[in-house]
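Participant: Keeping their order, the protein sequence lines are chains Z and B. Its first residue numbered 182, the first sequence is counted upward by one per residue in our numbering. Its first residue numbered 1131, the second sequence is counted upward by one per residue in our numbering. For glycine and all other residues, C-beta sits at the position ideal for the given N, C-alpha and C. Keep in mind it's a predicted model, so treat the numbers as computed, not measured. Take this structure, written in structure tokens, and hold onto it; I'll ask about it next.
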Amino acid sequence: MNLIDLYIQEVTRRLPIKSRQDIALELRSTIEDMLPEDYTEEDVTLVLKKLGNPAVLANGYMDRPMYLIGPKYYELYIQWFKWILPIAVTITLVGFFVGTIMAAPENQTLIIFVAKQAISEGIVQVLFTMFQVFFWLTLVFAVIERVDHKGHKPQGSCFKEWAPEDLKKITVLPKERAVPTMETVGRMIWTVIWVTVYFNADNILGIYKQGTEGMMSVTPSLNQDVLNANWLLVILAAILEIGLSIYKWKAKQWTIKLAWVNAISQIISLLLFTIIITSPNLFTSEYSSFLTNNLTFIHHPETFIIRIIIAVFLISIAADAYQGFKKAYFPVPTDNSHKKSGVGK
Amino acid sequence: MSTLLNSLRVELRRGTLTLAVLSQLRSPQYGYSLVLSLEKSGITIDQSTLYPLLRRLEKQELVTSSWDTSESRPRKYYVLCEMGLEVFQQLKKEWQQLSEELYLLLKGDDPDEPN
């Protein structure tokens, strides 16, 4: 095959079959028009150089875009990423923790097993989820880009053209008032972790001793039966915590109302926690004697520990509630400045 | 600087290409004759732009095409059809108006220009 044939083939192989023959014929006649009577290979090279890259020429003949996601959908594409990625990662993490804790073998310390799994499996799962989100979202948008031929204006968040009314939906959020999405994600994961730990406390919390197969928990600190008896309170606390997280996330910013809801639910959590921690026989007798033997300088070590824990809890919720109100009272920028300068009406 | 100027120039000219091509198609032309007649008027058009453009114009029903096989090598001729002619006249008017406006605008801008 000579250079001309090769060039024409390079162009037409990129085109739909039905238009190939016609374009090939026209291209050949054009190339021959451009060449002198007795042409050399050098002449051919010169002409082909003028016609340029066959891929570019072929693309000119086609209506479909030469990019994956164009300006019309790019913004929307990025927006959806920011939306879907944290949700997908949260679901993956929650699923991972629950699954791992369920699958934990009896003869291993749970916390070490979970930590090991998190390093070997958890990271892979999160990365896999991220790739999945990336792949499918890109695929969907690339298809939309090729199917949709209506207009060329960039799309707003709801696949509609932008209108000035959209501006009213924007809430101006100073950083000081905003509820970070990561906070919601972190809270939910935390809830799942402490609930799981709670119902497996006899495997996790205890006196650890160096055994032949690493750290072994020999003496559980807490009576699992006592803990289990309080299951309703725990579920209540978990629902309260998750509900509060979702509420915060939807509110997007701290308001006085949110600050109150936050403070009240924190107080309820404290009450539930206090009921559980002060239930009789919470500590195992082995652990009680262990405490009495080791903390001889304190009169009632159990009561002492319980008080300390409640105090810490109290301080932390007080700080949290205070932060809520502080953020809620942070001034929102208003458009007063315009009014004063007489720009507005 | 020169690459920027170049890309701006290409951008500026791009919109006028359709009009230039339409203007030459009042009489039948084949691809390369069109290139030559445009070049004669000083308009250089990228060939990889021109041939797809001709096809697009045909798809938009502004020009019709026919193969002439009577000569030694077959040639595809393009010519304006009725609708193409109408569109061409309107675009021409648009261009004349635009160039007048721009002329005034640029004249007012340049103090060196003699009135």
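Check whether the Cβ of Z/Thr-211 lies closer than 8 angstroms to any Cβ atom in chain B.
Facilitator: Locating residue 211 of chain Z in the first sequence gives position 30, where the first residue counts as 1. For Z/Thr-211, the answer is yes, since a Cβ of chain B falls inside 8 angstroms of its Cβ.
Participant: For the alpha helix (DSSP H) containing B/Arg-1205, name the first residue and the last one.
Facilitator: One-based indexing of the second sequence puts residue 1205 of chain B at position 75. Element bounds for B/Arg-1205: not the alpha helix (DSSP H) but the beta strand (DSSP E), 1205 to 1210.
Participant: Interface residues of chain B around Z/Lys-231 at Cβ under 7 angstroms?
Facilitator: Sequence index remark: in the first sequence, residue 231 of chain Z carries index 50 (1-based). Per Cβ cutoff of 7 angstroms: Gln-1177.
Participant: Going along the chain, which residues of its own chain have a beta-carbon closer than 8 angstroms to the beta-carbon of Z/Ile-374, five neighbours each way excluded?
Facilitator: One-based indexing of the first sequence puts residue 374 of chain Z at position 193. For Z/Ile-374, where only same-chain residues beyond five positions count, the Cβ hits under 8 angstroms are Phe-278.
Participant: Note down, in chain order, every chain B residue with its Cβ under 7 angstroms from the Cβ of Z/Met-215.
Facilitator: On the first sequence, residue 215 of chain Z is found 34 positions in, with the first residue counted as 1. Here the neighbours are Tyr-1162.
Participant: Check whether the segment 294 to 301 of chain Z touches the segment 318 to 329 of chain Z, counting contact only when three or more Cβ pairs, one atom from each stretch, lie closer than 8 angstroms.
Facilitator: Not touching, per the Cβ criterion.
Participant: Using a Cβ-Cβ cut-off of less than 7 angstroms, list which residues of the segment 230 to 264 of chain Z approach chain B; keep chain order.
Facilitator: Answer in chain order: Lys-231, Leu-232, Gly-233, Val-237, Leu-238, Gly-241 and Tyr-242.
Participant: I want to verify the contact list: residues of chain Z whose CB lies under 9 angstroms from the CB of B/Arg-1203, in sequence order.
Facilitator: As a working note, residue 1203 of chain B is residue 73 in the second sequence. Those are Arg-209, Ser-210, Glu-213 and Asp-214, listed as they occur along chain Z.
Participant: Does the CB of B/Pro-1158 have a neighbour CB from chain Z at under 8 angstroms?
Facilitator: Here residue 1158 of chain B is taken as the residue at index 28 of the second sequence, counted from 1. No, no contact with chain Z.
Participant: Let me check you understand the geometry: is the CB of B/Lys-1223 closer than 7 angstroms to at least one non-hydrogen atom of the ligand PLP?
Facilitator: In the structure shown, the ligand PLP is absent, as is every other ligand, since no ligand is present at all.
Participant: Can you pull the chain Z neighbours of B/Arg-1185, defined as C-beta to C-beta under 7 angstroms?
Facilitator: Working through the second sequence from its first residue, we reach residue 1185 of chain B at position 55. The contacting residues are Tyr-242.
Participant: Exposed or buried, what is Z/Ala-418 when buried is set at 16 or more other beta-carbons lying within 10 Å of its beta-carbon?
Facilitator: Here residue 418 of chain Z corresponds to residue number 237 of the first sequence, with the count starting at 1. Under this definition Z/Ala-418 is a buried residue.
Participant: Going by alpha carbons, who is nearest to Z/Thr-459 out of Z/Arg-195, Z/Asn-404, Z/Asn-384 and Z/Gln-504?
Facilitator: Against the first sequence, residue 459 of chain Z aligns to sequence position 278. The option with the nearest alpha carbon to Z/Thr-459 is Z/Asn-404.
Participant: What's the gap between the Cα of Z/Ile-427 and the Cα of Z/Lys-438?
Facilitator: Residue numbering aside, residue 427 of chain Z sits at position 246 when the first sequence is read from its first letter. Residue numbering aside, residue 438 of chain Z sits at position 257 when the first sequence is read from its first letter. About 15 angstroms.
Participant: Extract the residue ranges of the alpha helix (DSSP H) inside the segment 362 to 419 of chain Z, only unbroken runs of 4 or more that lie entirely within it.
Facilitator: Counting only runs of 4 or more, we get 362 to 380, 382 to 385 and 405 to 410.
Participant: In chain B, what lies closer than 7 angstroms to Z/Leu-206 by C-beta?
Facilitator: In the first sequence, residue 206 of chain Z corresponds to position 25, counting from 1. Per Cβ cutoff of 7 angstroms: Pro-1204.
Participant: Taking only runs that begin and end inside the segment 418 to 472 of chain Z, name each unbroken alpha helix (DSSP H) of 4 or more residues, in chain order.
Facilitator: Complete alpha helix (DSSP H) runs here, min 4: 437 to 458.
Participant: Can you check which of these residues, Z/Leu-472, Z/Met-369 and Z/Thr-221, is closest to Z/Ile-420 by C-alpha distance?
Facilitator: On the first sequence, position 239 is the one that residue 420 of chain Z refers to. Minimum Cα distance to Z/Ile-420 is reached at Z/Met-369.
Participant: Taking the C-alpha atoms as reference points, what is the distance between B/Leu-1152 and Z/Asp-224?
Facilitator: Within the second sequence, residue 1152 of chain B is the residue found at index 22, counting from 1. Within the first sequence, residue 224 of chain Z is the residue found at index 43, counting from 1. Approximately 30 angstroms between the Cα atoms of the pair.
Participant: Looking at Z/Trp-430 and Z/Thr-365, is the spacing between their C-beta atoms short of 8 angstroms?
Facilitator: For this step, residue 365 of chain Z is matched to residue 184 along the first sequence. For this step, residue 430 of chain Z is matched to residue 249 along the first sequence. Against a cut-off of 8 angstroms, the Cβ pair of Z/Trp-430 and Z/Thr-365 comes out as a contact.
Participant: In its own chain, which residues sit with a C-beta less than 6 angstroms from the C-beta of Z/Pro-197, not counting the 5 before and 5 after it?
Facilitator: Start at 1 with the first residue of the first sequence, and residue 197 of chain Z comes out as number 16. Taken in chain order, the list of residues that qualify is empty.
Participant: Taking C-alpha atoms, which residue in Z/Asp-244, Z/Ala-239 and Z/Pro-482 lies nearest to B/Lys-1189?
Facilitator: Taking the first residue of the second sequence as 1, we reach residue 1189 of chain B at position 59. Residue Z/Asp-244 is the option with its Cα nearest to B/Lys-1189.
Participant: What whole-angstrom Cβ distance do Z/Phe-506 and Z/Ala-440 have, given they're in contact under 8 angstroms?
Facilitator: In the first sequence, the residue the question calls residue 506 of chain Z occupies position 325. In the first sequence, the residue the question calls residue 440 of chain Z occupies position 259. Rounded, the Cβ-Cβ distance is 5 angstroms, consistent with contact.
Participant: Residue range of the alpha helix (DSSP H) that Z/Asp-203 falls in?
Facilitator: As a first step, residue 203 of chain Z must be located in the first sequence, where it is residue number 22. Counting along the chain, the alpha helix (DSSP H) containing Z/Asp-203 begins and ends at 198 to 215.
Participant: On a Cα-Cα basis, can you pick out the residue from Z/Val-353, Z/Gly-241, Z/Ser-200 and Z/Met-215 that is closest to Z/Phe-511?
Facilitator: The count along the first sequence starts at 1 and reaches residue 511 of chain Z at position 330. Closest by alpha carbon: Z/Val-353.
Participant: Cβ of Z/Gln-260 within 8 angstroms of Cβ of Z/Val-360?
Facilitator: Residue numbering aside, residue 260 of chain Z sits at position 79 when the first sequence is read from its first letter. Residue numbering aside, residue 360 of chain Z sits at position 179 when the first sequence is read from its first letter. For Z/Gln-260 and Z/Val-360, no; Cβs fall outside 8 angstroms.
Participant: So B/Trp-1129 is in the alpha helix (DSSP H); what residue range does that whole segment cover?
Facilitator: Coverage of chain B is limited to positions 1131 through 1245, which leaves residue 1129 of chain B absent and any answer about it impossible.
Participant: Out of curiosity, what's the CA-to-CA distance linking Z/Leu-472 and Z/Ile-388?
Facilitator: As a working mapping, residue 472 of chain Z is identified with position 291 in the first sequence. As a working mapping, residue 388 of chain Z is identified with position 207 in the first sequence. Going from the Cα of Z/Leu-472 to the Cα of Z/Ile-388 covers about 11 angstroms.
Participant: Nearest to Z/Ile-212 by alpha carbon, out of Z/Pro-235, Z/Ile-185 and Z/Gly-233?
Facilitator: Position 31 of the first sequence holds residue 212 of chain Z. When only C-alpha atoms are compared, the closest one is Z/Ile-185.
Participant: Between the C-alpha atoms of Z/Ile-490 and Z/Ala-269, what's the straight-line distance to the nearest angstrom?
Facilitator: Translated into positions along the first sequence, residue 490 of chain Z becomes position 309. Translated into positions along the first sequence, residue 269 of chain Z becomes position 88. C-alpha separation (whole angstroms): 35 angstroms.
Participant: Quick check on Z/Ile-496: buried or exposed, where buried means 16 or more other Cβ atoms within 10 Å of its Cβ?
Facilitator: Stepping through the first sequence from its first residue, residue 496 of chain Z is reached at position 315. Z/Ile-496 comes out exposed.
Participant: Run through the DSSP bridge pairs and tell me what Z/Ala-502 is partnered with.
Facilitator: Looking up residue 502 of chain Z in the first sequence gives position 321. In DSSP, Z/Ala-502 forms no bridge with anything.
Participant: May I ask you to list the residues that DSSP assigns as paired with B/Tyr-1160?
Facilitator: As a working mapping, residue 1160 of chain B is identified with position 30 in the second sequence. Beta-bridge pairing links B/Tyr-1160 to B/Tyr-1207.
Participant: To the nearest angstrom, how far is it from the Cα of Z/Pro-235 to the Cα of Z/Leu-227?
Facilitator: Counting from 1 along the first sequence, the entry for residue 235 of chain Z is found at position 54. Counting from 1 along the first sequence, the entry for residue 227 of chain Z is found at position 46. If you take the alpha carbons of Z/Pro-235 and Z/Leu-227, they lie about 14 angstroms apart.
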